[in-house]
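Enquirer: The end of the sequence shown is residue 112 by full-length UniProt numbering, with every number in the run present. Ideal Cβ placement from N, Cα and C applies to all residues, glycine included. Pasting a structure below so you can have a look.
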Amino acid sequence: MLIRVCKISDLIDNKPMKFSVSKFEIVLIKIRDEVFTIEAYCPHKGANIEYGDVIAKEYRIRCHLHGYEFNLKDVRLVFKPYNRDGNWYYSNNLRVYKVKIINDDIFIDIDK
Ligand code: FES
C-alpha cells in the first residue's frame, strides 16, 4: 500500500528530514535526484537518525550518537568506529522503505 509522505520540493539536498506516516516514523534523504527512505531510529542504539550526517559522495549516513555509518543504497552497516567485535558493537543493517515518486509527490510502500 502506497502512502504519500511529502513533495520532493519539501526536501533539502543532503538533509535528513523526519516524517510520521501512519504508524511509521521515517527519515527521507534527497541526494541529487535520488530519494532514500529509512527508519527514523538508528538500528544500533536507537538515536534519531534525522540528526545524522549525510556523506553524499558515498551515499552514506553517519549516526550522530556513536558514528556508525550505513550505506543508503544497499542499507548495510559499512563503518563502526570501534575496532572490536562484541555484542555492544553489533548493529543490524538499516531498514529502508521502498519509495515511489509520482510527479512531485513521494510515497512509501509500507507492504515491502
Ligand atoms: S545509536 Fe546510532 S551509532 Fe549508536
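Which whole-angstrom value is the C-beta distance of residue 61 and residue 72, which I expect to be below 8 Å?
Expert: With 8 Å as the limit, residue 61 and residue 72 qualify as a contact, their Cβ atoms being about 6 Å apart.
Enquirer: Using only the heavy atoms of the ligand FES, determine whether one of them is closer than 8 Å to the beta carbon of residue 47.
Expert: Residue 47 Cβ: within cutoff of the ligand FES.
Enquirer: Quick check: the Cα distance between residue 66 and residue 56, rounded to an integer number of angstroms?
Expert: C-alpha separation (whole angstroms): 19 Å.
Enquirer: Can you tell me whether DSSP reads residue 57 as helix, strand or coil?
Expert: Note: residue 57 maps to helix in three-state DSSP.
Enquirer: Give the DSSP bridge partners of residue 25, in chain order.
Expert: The partner list for residue 25 (beta bridge, DSSP) reads 20.
Enquirer: What's the C-alpha gap between residue 92 and residue 28?
Expert: Rounded to whole angstroms, residue 92 to residue 28 spans 19 Å at the Cα level.
Enquirer: Can you tell me whether residue 82 is buried or exposed? The criterion is at least 16 other CB atoms within 10 Å of its CB, across all chains shown.
Expert: Exposed, since its Cβ has fewer than 16 Cβ neighbours within 10 Å.
Enquirer: Where DSSP assigns a beta bridge to residue 50, which residues make up the other side?
Expert: According to DSSP, which records beta bridges pairwise, residue 50 is partnered with nothing at all.
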